[in-house]
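Written out below as C-alpha cells is the structure these notes cover.
Number of protein chains: 2
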Amino acid sequence: MTYCVAIKLDAGLVLLSDTRTNAGMDNISRYGKMHSWEVPQERAIVLLTAGNLSITQGVITRLEKQIEMTAVDPEVETILNADSMFRVAQIVGETMRQVQERHREGMEAQGTAFNATVLVGGQRKGGSLRLFLVYSAGNFIEATADTPFFQIGEHKYGKPILDRVITPQTPLEKAKLAACVSMDSTLRSNLSVGMPLDLAIIKTDSYEISERRRIEPDDKDFGRLSDAWSQALNSAFHDLPHVF
Amino acid sequence: MTYCVAIKLDAGLVLLSDTRTNAGMDNISRYGKMHSWEVPQERAIVLLTAGNLSITQGVITRLEKQIEMTAVDPEVETILNADSMFRVAQIVGETMRQVQERHREGMEAQGTAFNATVLVGGQRKGGSLRLFLVYSAGNFIEATADTPFFQIGEHKYGKPILDRVITPQTPLEKAKLAACVSMDSTLRSNLSVGMPLDLAIIKTDSYEISERRRIEPDDKDFGRLSDAWSQALNSAFHDLPHVF
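Taken in order, these protein sequences are the chains called L and Y. Heads up, the first sequence is in UniProt numbering, so the first residue is 1 and it goes up one at a time. Heads up, the second sequence is in UniProt numbering, so the first residue is 1 and it goes up one at a time.
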C-alpha cells in the first residue's frame, strides 16, 4: 500500500508521501510516489500517486512523454503548458483513462487490481493554488475550504489528527507537522507504509517548490518529532479525567 | 460498519462496541453488538459481533437456543457449561460455521458479503481470563501479552492510540479510557460507526460482569472525556517542536 497526504491551505500546499510498494507481504520495494515539475516564475506542480504501480508509472511516463514532445511540436498540450490547474487535472485524468484502457482487459483476466489514484496540486501564474484528487476512471474532485486535505492509500490511521487540527487558516509550518504526525501514526500501525518519506511545499503565489526533502529512516528531525508526539500523546492520555 | 474493541489486561477485560448497522448509507439502524451471559460465581462471557447482521444474529440465536435446550436435556453442550473458554470459542466457531453453511449459497448468488467476526471474552472458575477472535470460517486466534487487544470492524482509525498506550499491565480504568478514546476517534472520522455505545468490564477472577453501561449520545461523562481528549490533542499538537 501507500500513504500520501496533501493539504491545501491559504498559505500554500503541503504534500507528503511514503515510498513503500508491495506485491504481497514478501515482495516489498521502494518507489518514490512524488513527482514534481517547475516552470520558473510560472508554475509548480506536484503529483502524488497510489494504487497499482504499473498504472501510476504509466501515467507519469505518458505525462513526461507529452512534455518531451513539445520540443518537436510546441502545440502538444501538456501539464506544463495547460492554461489552468483544472486543465492539468483533466490531462492527468485523460492520461489515467488511456493507461487504464490499455491494460484493463489483460489485468482483469489476471484478477489484478488496477485501481489507482493521483493527487494533483499546484499553481500557475494567473490562477489560484489548487488541489485535485483524480480517480481510476479519470474523473476528479477538488479540495475546498470545507475539506482542505486529501489522503490516498492507507488513509484511516492518519485521518483523526488531520480532522482535528487542519483548517485553511492553519500555517504552513503547523500543517507540515500535522502531515508528519499523520504519517507517523500510519507508519506505526501499518507495515505496508514505509520510510523514506518525500515532503514538498508550494507556497501560494510563489510558482515554485519552496521545499523538497527526502526524510530517511534515520532522519533526526523526524525522529525528534515522532518522539515528541509519542510523549505528548502518552502524557495527554495519562492526564485524562477519570470520568468512568 | 461497526467498531468493537476488546482489551485483555492482567486486571481484567474491557469491551466496547458501537450500535450502528447499515445496509448502504441510506439505511442505518441500531443494533446492539454486545451480548453477555453470567453464571453467578462461576463464569462471565461477553461476545462482540461485526459483519453481516443476519449471520451474527444467527450465531447469537443458535447459542441462546443451545442454552434453552439444556432445560430439557442438560447434556447439551453450550457456552455456559463448556469446560473451558477455549471450548467456548470452539462452540462459537462451530456455530458460525453452521450459520455460514446454511446461508452461503443463497448469499453468494446475491453477491452479498457474508463476512462476520466475533470477539469472545470471559472467564470460568478454574480457568484463566481469555479473549478470542473468531473468524467467518469458524477458526480463531487468542489475545496474548504481545497483542493484548482485538479490534473488529472499522479498526484503523482507533488503532494508533491503542498501539501506543496498551500493555497487559495497563490498569482497567486506563484501558477503559483508551477504549473510549479509540472509539471517539473512530466516531469522528467514520459515519458508519455510531452512538450509543456498550461498555462492559470483567475483572479477573470475579466471574461476573462488574460493569455494563450503555453510553448514549448525550452521555455527560463520555462528552467530557471526548472534549478533554480533543483539547489535550490540540494542545499537544501546538506544543510540538518545529523541527522542520
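Beta carbons: idealized from backbone N, C-alpha and C, even for Gly.
| Can you find a CB in chain L that lies within less than 7 Å of the CB of Y/Tyr3? | No, because no Cβ of chain L sits closer than 7 Å to the Cβ of Y/Tyr3.
| request: Would you verify that the beta carbon of L/Phe150 is, or is not, closer than 7 Å to some beta carbon of chain Y? | output: Not one chain Y Cβ lies under 7 Å of L/Phe150.
| Through-space distance from L/Ile55 to Y/Gly223, alpha-carbon basis | Looking at the two C-alpha atoms, the distance is approximately 46 Å.
| request: Round the Cβ separation of Y/Lys176 and Y/Val46 to the nearest angstrom and send it over; I've been treating them as touching at under 8 Å. | output: The pair is not a contact, with the Cβ atoms about 14 Å apart (cut-off 8 Å).
| field | Alpha-carbon to alpha-carbon, Y/Leu233 and L/Lys203 | value | Take the alpha-carbon of L/Lys203 and the one of Y/Leu233: they are about 27 Å apart.
| Supposed close pair L/Met85, L/Arg130 - CB separation, criterion 8 Å | Right, the Cβ-Cβ distance comes to about 4 Å (below 8 Å), so this counts as a contact.
| field | Contact check, L/Ala6 vs L/Gly126, beta carbons under 7 Å | value | Cβ atoms of L/Ala6 and L/Gly126: not closer than 7 Å.
| task | Could you have a look at Y/Glu142 and say whether DSSP puts it in helix, strand or coil? | result | Three-state DSSP puts Y/Glu142 in a strand.
| request: Let me know the secondary structure DSSP gives Y/Ile166 once reduced to three states. | output: Looking at Y/Ile166 - three-state DSSP - the assignment turns out to be coil, as it is neither helix nor strand.
| field | Closer than 9 Å at the beta carbon, the chain Y residues around L/Ala232 | value | Simply Ala232, Leu233, Ser235, Ala236, Phe237, Asp239 and Leu240.
| Quick one, are the C-beta atoms of Y/Arg188 and L/Asp163 less than 7 Å apart? | In this structure, the beta-carbon distance from Y/Arg188 to L/Asp163 falls below 7 Å.
| said: Check whether chain Y comes within 7 Å of L/Glu38, counting only Cβ atoms and requiring the distance to be less than that. | reply: No, because no Cβ of chain Y sits closer than 7 Å to the Cβ of L/Glu38.
| request: Check whether the Cβ atoms of residue 245 of chain L and L/Gly194 sit closer than 7 Å, and answer yes or no. | output: Outside the shown range of chain L (1 to 244) lies residue 245 of chain L, about which nothing can therefore be said.
| Terminal residues of the alpha helix (DSSP H) in which L/Glu173 lies | Secondary structure note for L/Glu173: its alpha helix (DSSP H) is the uninterrupted segment Leu172 to Ser189.
| query | Bridge partners of L/His35, per DSSP? | reply | Per DSSP, L/Leu47.
| message | Using the three-state DSSP reduction, which class does L/Thr2 fall into: helix, strand or coil? | response | Correct three-state label for L/Thr2: coil.
| Which residue or residues does DSSP assign as beta-bridge partners of L/Ile202? | Here L/Ile202 is bridged, per DSSP, to L/Leu13 and L/Ile209.
| message | Quick check: the Cα distance between Y/Ala200 and Y/Tyr135, rounded to an integer number of angstroms? | response | Cα to Cα, Y/Ala200 sits roughly 22 Å from Y/Tyr135.
| message | Pairs of beta-carbons, one from the stretch 163 to 172 of chain L and one from the stretch 25 to 45 of chain L, closer than 8 Å: are there three or more? | response | No contact exists between the stretch 163 to 172 of chain L and the stretch 25 to 45 of chain L.
| query | Of all Cβ atoms in chain Y, is any one closer than 7 Å to the Cβ of L/Leu225? | reply | Yes, L/Leu225 counts as interfacial toward chain Y.
| task | Please name the residue, chosen from Y/Met25, Y/Ile166 and Y/Leu16, that lies closest to L/His238 on a Cα-to-Cα basis. | result | If we check each option's Cα against that of L/His238, Y/Ile166 comes out closest.
| field | Close-in-space but distant-in-sequence residues of the same chain around Y/Thr19 (CB under 8 Å, 5 per side omitted) | value | Here Y/Thr19 has Arg30, Tyr31, Gly32, Lys33, Gly194, Met195, Pro196, Leu197 and Asp198 as same chain residues with Cβ atoms under 8 Å from its own Cβ, once five neighbours each way along the sequence are excluded.
| field | Classification of L/Asp184 by the beta-carbon crowding that lies within 10 angstroms, buried from 16 upward | value | Result: buried.
| task | State buried or exposed for L/Ile91, treating a residue as buried only when at least 16 other CB atoms are found within 10 Å of its CB. | result | The residue in question, L/Ile91, is buried, as its Cβ has 16 or more Cβ neighbours within 10 Å.
| Check whether Y/Val99 and Y/Gly51 have beta carbons under 7 Å apart | One thing to note: Y/Val99 has its Cβ no nearer than 7 Å to the Cβ of Y/Gly51.
| field | Inter-residue spacing [alpha-carbon to alpha-carbon] between L/Glu77 and L/Thr49 | value | Roughly 22 Å separates the two Cα atoms.
| Looking only at C-alpha atoms, which of L/Val118, L/Asn81 and L/Asn115 sits nearest to L/Arg43? | It is L/Asn81.
| query | Would Y/Phe140 count as contacting chain L if we go by Cβ distances under 7 Å? | reply | For Y/Phe140, the answer is no, since every Cβ of chain L falls outside 7 Å of its Cβ.
| message | Against chain L, does Y/Arg164 count as a neighbour if the rule is that its beta carbon must be under 7 Å from one of theirs? | response | Closer than 7 Å to some Cβ of chain L, the Cβ of Y/Arg164 qualifies, so yes.
| query | Under three-state DSSP, which class holds Y/Leu63? | reply | In this structure, DSSP gives Y/Leu63 a helical state, which the three-state scheme calls helix.
| request: List the residues of chain Y that L/Lys203 touches, going by C-beta distances under 7 Å, in chain order. | output: Under the 7 Å cutoff, chain Y gives no residues; its nearest Cβ is about 14 Å from L/Lys203.
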